[in-house]
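Participant: First the structure, then my questions, so here it is.
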Amino acid sequence: MHFWLPKDAVKEHFDGGFAKNGFLERRSSMSDLIAAVATPPGTGGVGILRLSGPGAAQAAARVFRPKGTRALPDAPDRQLLYGTLLDQAGQALDTGLAFVSRAPHSYTGEETAELQCHGSPMVLSLVLDALFAAGARQARAGEFTQRAFLNGKLDLTQAEAVIDLIEAETPAAARQAAGQLTGALSRRIDAIYSGLTDVMAHFCAVLDYPDEDLDPFQTQQLQEALQTQEDALTALLQTSRRGRLLSQGLTCVLLGRPNAGKSSLLNALAGYERAIVTPIPGTTRDTVEATVTLEGYLFRLVDTAGLRDSDDPIEQLGVARSRQALDQADLILLVCDGTQELGEEDTALLDQALDQADTLLVMNKSDLPGYGCPMFRAEDTAHTLSVVGLSAKTGLGLEFLEEELVRRAQALLPQAGQRASELLLTNQRQTDAVRRAAESVARAGQALEQGVTPDALLTDVEQAMAALGELTGQNIREDIVARIFSKFCVGK
Ligand code: GDP
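Residue numbers for the sequence shown, in my numbering: 17 to 508.
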């Protein structure tokens with residue numbers, strides 16, 4: 017016997033459950049009028065102010081006098097009007113453009129207005145004051161996009177793509193974020209969610225008719241259905257490293273004995289004085305970071321405090337941070353003083369580095385007399401250890417290191433920047449949710465194989481669906497949403 021419940025009925029029942037238990041209801045509870053300057057602080061050619069919420073058009077009309085006869089609240093959606101911007105007392109401040117977008121056809125899904133004037137911080141501040149006097153309040157960081165999410169204009173992966181796009185540091189990262197903004201990731205997740213809904217529907221039917229056993233044919237079908245979704249989730253999970261490398265860059269950890277020249281090398285690569293360089297060993301007590309872009313690849317350079325045991329609590333803290341940085345390293349630059357013999361400490365660090373990640377040996381201080389190429393133990397060459405000789409002080413040979421860094425990045429991220437946007441998980445939150453979903457589906461598959469009762473199985477499938485719902489924001493706690501949007505800038 018084969019039972020199927022209508023898919024929508026299961027979905028409705030299930031989604032209804034999400035709204036309980038402190039989970040967020042996907043409807044904006046914020047109905048007040050917000051305003052903010054949307055362009056960055058400082059002077060510029062153009063400055064933009066945004067308004068969202070009930071009465072946005074009326075409030076904007078209080079600070080904008082159109083040249084023509086049509087008032088802003090009567091203008092068609094997104095039609096630009098030319099006019100004069102006014103301060104609180106109705107005094108002319110600037111000339112500019114304005115438009116309105118009515119609900120639900122706007123970024124936030126609410127009534128919105130936008131005012132464009134010259135990028136003068138003073139004009140923008142006075143117009144903003146006038147908007148506050150007209151009933152708006154200052155928007156919080158990310159509040160426009162948060163409203164767009166709450167009103168169903170974007171899901172959470174798309175909202176995260178907005179931040180990623182704003183913060184993109186390379187062309188490839190920008191393209192990736194643009195792809196996610198179109199909903200590519202959400203569509204993939206929806207397809208998996210829908211597949212799991214089918215499985216749910218089947219088990220719900222079985223539960224409703226407990227006398228009916230699953231026949232072996234059905235069991236096999238269900239097993240295949242679960243396997244398909246597990247495979248899809250695993251494939252997605254495998255993109256997370258590439259996604260992280262693309263959006264956050266390759267983490268390059270500089271390791272080496274005190275005074276080897278790590279801080280000098282970080283400064284030389286970054287092109288500015290980021291780390292303090294002194295001849296006193298142990299100056300870098302904490303990790304120091306700098307980012308550099310080489311041929312479109314982003315590198316996050318981390319200068320470590322070293323890994324020596326120490327009684328000094330501050331130094332201990334630095335050592336702990338160094339170990340943490342090492343755990344996250346995609347590439348380790350082991351910096352050695354080329355004027356000195358490689359000692360036990362260097363070899364110990366090399367062993368540690370090789371255990372941890374791809375390692376590059378940098379023989380520094382090539383400008384000094386007595387600089388020589390060190391001898392390596394035979395087993396080190398087995399790791400195909402690359403060696404670069406340079407002077408962090410004069411910059412001689414730095415380009416060899418840069419070329420090598422780009423080569424390593426190309427190996428890890430082939431065709432980054434050339435490919436059109438691809439489907440990648442780009443942050444830890446997404447990766448965690450997909451991992452939990454994959455684990456739950458795998459558990460469900462195993463349970464089915466072992467002949468566990470359908471209700472136990474249902475719990476696993478439910479957990480997988482809940483994790484996917486978290487990813488897109490269908491079921492997510494309010495505090496997590498607040499944390500995600502707090503990363504935005506004001507006015508976005
Ligand atoms: P760290 O402890 O490994 O971070 O080493 P620093 O970068 O602070 O450098 C220690 C000392 O070595 C400083 O006095 C630097 O000026 C010097 N130094 C670093 N790199 C070079 C180099 O390539 N050539 C020379 N001559 N001195 C260097």
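C-beta atoms are modelled at their ideal positions from N, C-alpha and C, and glycine is treated no differently.
By DSSP, does Leu109 sit in helix, in strand, or in coil?
Facilitator: Here the question's residue 109 lines up with position 93 in the sequence shown. Residue state, collapsed to three classes: strand.
Participant: Please find out if some non-hydrogen atom of ligand 1 comes closer than 7 angstroms to the beta-carbon of Pro274.
Facilitator: Numbered from its first residue, the sequence shown carries residue 274 at position 258. The answer is yes for Pro274.
Participant: Does ligand 1 have even one heavy atom less than 7 angstroms from the beta-carbon of Ala384?
Facilitator: One-based indexing of the sequence shown puts residue 384 at position 368. Checking the sequence, you will find Leu at residue 384 rather than Ala. Yes.
Participant: Taking 7 angstroms as the limit between beta carbons, can you name the residues of its chain near Arg81, skipping five residues before and five after?
Facilitator: Residue 81 sits at position 65 when you count from the first residue of the sequence shown. Excluding sequence neighbours, Arg81 sits near Gly99, Thr100, Leu102.
Participant: Would you say Lys169 touches ligand 1, meaning its beta carbon is less than 7 angstroms from a heavy atom?
Facilitator: Here the question's residue 169 lines up with position 153 in the sequence shown. Lys169: no, Cβ never under 7 angstroms from ligand 1.
Participant: At 4 residues or longer, and completely inside the region 105 to 170: list those alpha helix (DSSP H) runs for me, N to C.
Facilitator: 137 to 149, 159 to 166
Participant: Under 8 angstroms, do Leu317 and Leu282 count as touching if we go by C-beta distance?
Facilitator: Here residue 317 is taken as the residue at index 301 of the sequence shown, counted from 1. Here residue 282 is taken as the residue at index 266 of the sequence shown, counted from 1. Yes. Within cutoff.
Participant: Please return the same chain residues whose Cβ sits closer than 8 angstroms to the Cβ of Leu474, not counting the five positions on each side in sequence.
Facilitator: On the sequence shown, residue 474 is found 458 positions in, with the first residue counted as 1. Taking Leu474 as the centre and dropping the five residues before and after it, the same chain places the C-beta of Met216, Phe219, Cys220, Leu223 closer than 8 angstroms to its C-beta, in chain order.
Participant: Is any heavy atom in ligand 1 found nearer than 7 angstroms to the beta carbon of Gly515?
Facilitator: This structure does not reach residue 515, given that the chain is present from 17 up to 508, and the question cannot be answered.
Participant: Along the chain, where does the alpha helix (DSSP H) containing Glu455 start, and where does it finish?
Facilitator: Locating residue 455 in the sequence shown gives position 439, where the first residue counts as 1. Start and end: 444 to 465.
Participant: Quick one: what does DSSP say Thr244 is sitting in, helix, strand or coil?
Facilitator: The count along the sequence shown starts at 1 and reaches residue 244 at position 228. Helix at Thr244.
Participant: Is the closest heavy atom of ligand 1 to the C-beta of Val351 under 7 angstroms?
Facilitator: Translated into the one-based positions of the sequence shown, residue 351 becomes position 335. Yes, since a heavy atom of ligand 1 falls inside the 7 angstroms radius drawn around the Cβ of Val351.
Participant: For Val351, count neighbouring C-beta atoms within 10 Å of its own C-beta (all shown protein chains included) and say buried if the count is 16 or more, exposed if not.
Facilitator: Along the sequence shown, read from residue 1 onward, the residue named residue 351 stands at position 335. The residue in question, Val351, is buried, as its Cβ has 16 or more Cβ neighbours within 10 Å.
Participant: Does the Cβ of Phe233 have 16 or more other Cβ atoms within 10 Å, making it buried, or fewer, making it exposed?
Facilitator: The residue given as residue 233 occupies position 217 in the sequence shown. Counting Cβ neighbours within 10 Å, Phe233 comes out exposed, since fewer than 16 surround it.
Participant: Could you compute how far the alpha carbon of Arg424 sits from the alpha carbon of Gly168?
Facilitator: Taking the first residue of the sequence shown as 1, we reach residue 424 at position 408. Taking the first residue of the sequence shown as 1, we reach residue 168 at position 152. About 41 angstroms.
Participant: According to DSSP, simplified to helix, strand and coil, what is Pro56?
Facilitator: Within the sequence shown, residue 56 is the residue found at index 40, counting from 1. Coil.
Participant: Leaving out five residues on either side along the sequence, give the residues of the same chain with a beta carbon under 6 angstroms from the beta carbon of Gly112.
Facilitator: As a position in the sequence shown, residue 112 is number 96, starting the count at 1. For Gly112, where only same-chain residues beyond five positions count, the Cβ hits under 6 angstroms are Leu101, Gln132, Cys133.
Participant: DSSP state of Ala394, grouped into three classes?
Facilitator: Taking the first residue of the sequence shown as 1, we reach residue 394 at position 378. Summary for Ala394: the model assigns pLDDT 48, below 50, so the residue's position carries little reliability; its value from the coordinates is reported in the next sentence. Looking at Ala394 - three-state DSSP - the assignment turns out to be helix.
Participant: Grouping DSSP H, G and I as helix and E and B as strand, with all else coil, what is Val497?
Facilitator: By 1-based counting over the sequence shown, the position of residue 497 is 481. In the structure shown, Val497 sits in a helix (DSSP, three-state: H, G or I).
Participant: Would you mind reading off the limits of the alpha helix (DSSP H) that contains Arg423?
Facilitator: Here residue 423 corresponds to residue number 407 of the sequence shown, with the count starting at 1. Looking at the DSSP string, the run of the alpha helix (DSSP H) that includes Arg423 is 414 to 428.
Participant: Can you tell me whether Glu486 is helix, strand or coil according to DSSP?
Facilitator: Counted from its first residue, the sequence shown places residue 486 at position 470. Looking at Glu486 - three-state DSSP - the assignment turns out to be helix.
Participant: Taking only three categories from DSSP, how would you classify Asn491?
Facilitator: The sequence position of residue 491 within the sequence shown is 475, counting from 1. In the structure shown, Asn491 sits in coil (DSSP, three-state: anything other than H, G, I, E or B).
Participant: Between Gly99 and chain D, is any beta-carbon pair separated by less than 8 angstroms?
Facilitator: The structure shown has no chain D; it contains just one protein chain.
Participant: In angstroms with no decimal places, state the Cα-to-Cα distance between Arg203 and Asp110.
Facilitator: The residue you call residue 203 lines up with position 187 of the sequence shown. The residue you call residue 110 lines up with position 94 of the sequence shown. If you take the alpha carbons of Arg203 and Asp110, they lie about 45 angstroms apart.
Participant: By the 10 Å Cβ neighbour count, where 16 or more other Cβ atoms means buried, how is Asp476 classified, buried or exposed?
Facilitator: Against the sequence shown, residue 476 aligns to sequence position 460. Buried.
Participant: Which whole-angstrom value is the C-beta distance of Leu97 and Gly84, which I expect to be below 8 angstroms?
Facilitator: For the purposes of this step, residue 97 is identified with residue 81 of the sequence shown, where counting begins at 1. For the purposes of this step, residue 84 is identified with residue 68 of the sequence shown, where counting begins at 1. Yes, Leu97 and Gly84 are in contact; Cβ-Cβ is about 7 angstroms, under 8 angstroms.
Participant: Confirm, please, whether the CB-CB distance from Ala73 to Pro56 is below 8 angstroms.
Facilitator: Counted from its first residue, the sequence shown places residue 56 at position 40. Counted from its first residue, the sequence shown places residue 73 at position 57. Contact: no.
Participant: In whole angstroms, give me the CA-to-CA distance for Gly489 and Arg258.
Facilitator: Locating residue 489 in the sequence shown gives position 473, where the first residue counts as 1. Locating residue 258 in the sequence shown gives position 242, where the first residue counts as 1. One C-alpha to the other measures close to 23 angstroms.
Participant: Does ligand 1 have a heavy atom nearer than 7 angstroms to the CB of Ala51?
Facilitator: In the sequence shown, the residue the question calls residue 51 occupies position 35. Ala51 Cβ: outside cutoff for every heavy atom of ligand 1.
Participant: Closer than 7 angstroms to a non-hydrogen atom of ligand 1 - does that hold for the CB of Gly359?
Facilitator: Counting from one through the sequence shown, the residue named residue 359 turns up at place 343. Outside the cutoff, so no.
Participant: Going by other Cβ atoms of all chains shown within 10 Å of its Cβ, with 16 needed for buried, is Arg94 buried or exposed?
Facilitator: The residue given as residue 94 occupies position 78 in the sequence shown. By the 10 Å Cβ count, Arg94 comes out exposed.
Participant: Are Gln239 and Thr442 close, meaning C-beta to C-beta below 8 angstroms?
Facilitator: By one-based count along the sequence shown, residue 239 stands at place 223. By one-based count along the sequence shown, residue 442 stands at place 426. Taking 8 angstroms as the Cβ cut-off, Gln239 and Thr442 do not qualify as a contacting pair.
Participant: Would the beta-carbon of Ala193 be found less than 7 angstroms away from any heavy atom of ligand 1?
Facilitator: If you number the sequence shown from 1, residue 193 lands on position 177. For ligand 1, not one heavy atom lies less than 7 angstroms from the Cβ of Ala193.
Participant: Evaluate contact between the region 401 to 416 and the region 169 to 180, counting only Cβ atoms and requiring at least three cross-stretch pairs below 8 angstroms.
Facilitator: no
Participant: Which of helix, strand or coil does DSSP assign to Tyr387?
Facilitator: Residue numbering aside, residue 387 sits at position 371 when the sequence shown is read from its first letter. Of the three classes helix, strand and coil, the one that applies to Tyr387 here is coil, per DSSP.
Participant: Could you give the distance in angstroms between the alpha-carbon of Lys23 and the alpha-carbon of Leu376?
Facilitator: The residue labelled residue 23 in the question sits at position 7 within the sequence shown. The residue labelled residue 376 in the question sits at position 360 within the sequence shown. The predicted model places Lys23 with a pLDDT of 43, which falls under 50 and marks its position as unreliable, so this point remains unresolved.
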